[in-house]
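Those letters in the sequence shown? Residues 899 to 1170, per the numbering used here, in order.
Note that beta-carbon positions come from the ideal geometry of N, C-alpha and C, so glycine has one too.
Okay, structure first, notes after.
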Amino acid sequence: MSELWFKPAYELAAAIRARQLSPLELMEACLQRIEQVNPLLNAFIAMRPEEALAEARATAERIARGEEVGLLTGLPFGVKELEDAEGFPSTHASVPFKDNWPQRDSVQVERLKKAGAILLGKTNAPEFGYTAFTKNLLFGVTRNPWNPERTPGGSSGGTSAAIASGMVPLATGSDGGGSIRIPACYTGCFGLKPTYGRVPRGPFQMLNWSDTSCYGPITRTVRDGAMYMDAVVGHHPADPDSLPHPGISYVETLEQLPSRLRIAWSPTLGYA
C-alpha cells in the first residue's frame, strides 16, 4: 500500500511545495490506487490519465525551476458528474444527455485548476442528483469503500467513495438537500455545504436546484476542506448570486474559536 493514498491533501500539498514529493509520483500513486479499487467501487466513470500524467510532469518541472506555485499545486482531483469539466461530456448521469459536451469548465473547476490542482476524471452520481444513493443507467452503481454491499450515499457518492478509498485527495461535490453531507457521513469523510453563493456556480447549461444547491468539498480532513474553500470562494460574474470574497482564509481561521453563533432553522426553506 502506498503511504500517499490516505495522506491529507494539505500534507501532500506542503510536501510538493517543499520539493519532498513529486507531483508525478503522487499522480502515479493515485492512478495505481484507482486501477486497484475502482473496478469494484465504480467511483470514477471517466478519466484522462495520460493528460494528467503530462500535467503532473510539467508541474514538477516548474517547481524544479523555482517558479511560483498555487495552493493546490500537483494535487489530483475528481469532478462530480453533475458539474462541467472541459474534455468530458456533462451527462448529468442521464442517458439522453450522454453526448452533451460543455463549452468550458465550471467556475469551481476553473479555480481549482488555477490553484494548481490537476483534473484526473469525473466521479459518479445518481441521475440529475435526485437520490441519496449513487446508481444510474448510464454508469451503474457506486459502492461504499468500507462495505461494498452498502451505498456511499448521494448524490456526491462517487466523490465520497473516491476520497474515502484513497483514489484522489480532492474531489468536488454539490448539495441541495444533503448531497455533500449524506455521502460524507456514509463514508467517514468531511463534507461542507457552504453558505449559498459562497462558491460560485455556473456557467449553466442545464437546470440546477436554483437557490438551494451549491458547490463544495468532500475531503479527508477539515483542514483539507478549508484549503479547498480558500481556492474557490469569491464572486464571479457567471453566477449573479455569488458572494464577494469573505476577506479571510479558511485555513487560518481553523485555530480560532467562534465568538458567537446564531443558528436558524427552517422547516420549509421558504417553499411552504
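Residue pairing by DSSP puts Cys1112 in a beta bridge opposite Asp1073. Of the candidates Leu1090, Gly1132, Asp1128, Pro1138, Leu1090 places its Cα closest to the Cα of Ile1116. Beyond the five residues adjoining it in sequence on each side, Arg1009 comes within less than 7 Å, by CB distance, of Ala1129, Val1130 in the same chain, given in chain order. In the DSSP assignment, Lys1091 falls outside any beta strand (DSSP E) and carries neither an H nor an E.
A check of alpha carbon separations from Val977 across Leu951, Ala954, Ser1053, Glu966 identifies Ser1053 as the nearest.
Distance between Val1097 and Cys1112, taken at the CA atoms: about 7 Å. Taken in chain order, the complete alpha helix (DSSP H) segments of 4 or more residues contained in the stretch 940-984 are 947-962. For Glu1047, the number of other beta carbons within 10 angstroms of its own is below 16, and it is reported as exposed.
Across the structure, Ile943 and Pro1000 are spaced so that their CA atoms are roughly 17 Å apart.
With 16 or more other Cβ atoms from the protein chains shown falling within 10 Å of its own Cβ, Asp1003 counts as buried. Rounded to the nearest whole angstrom, the C-alpha separation of His1133 and Thr1032 is 31 Å. The DSSP-derived three-state label of Val1097 is coil. Secondary structure within the stretch 1007-1035: the beta strand (DSSP E) runs of 3 or more consecutive residues, fully enclosed, are 1016-1021 (chain order). Val993 counts as exposed, since fewer than 16 other beta carbons sit within 10 angstroms of its beta carbon. Within the same chain, Cβ atoms closer than 8 Å to the Cβ of Phe975 are found at Leu1010, Ala1015, Ile1016, Leu1017, Leu1018, Val1066, Pro1067, Leu1068, Ala1069, Thr1070, the five residues on either side in sequence being excluded. The beta carbon of Pro1092 sits closer than 8 Å to those of Cys1112, Tyr1113, Gly1114, Met1127, Val1131, all from its chain and outside the five residues before and after it, given in chain order. The stretch 961-974 makes contact with the stretch 922-934, as at least three CB pairs between them are under 8 Å. When the beta-carbon positions are compared, Ala983 and Val1007 come within less than 7 Å of each other.
Residue environment: Thr989 is assigned as buried (16 or more neighbouring CB atoms within 10 Å of its CB, all protein chains considered).
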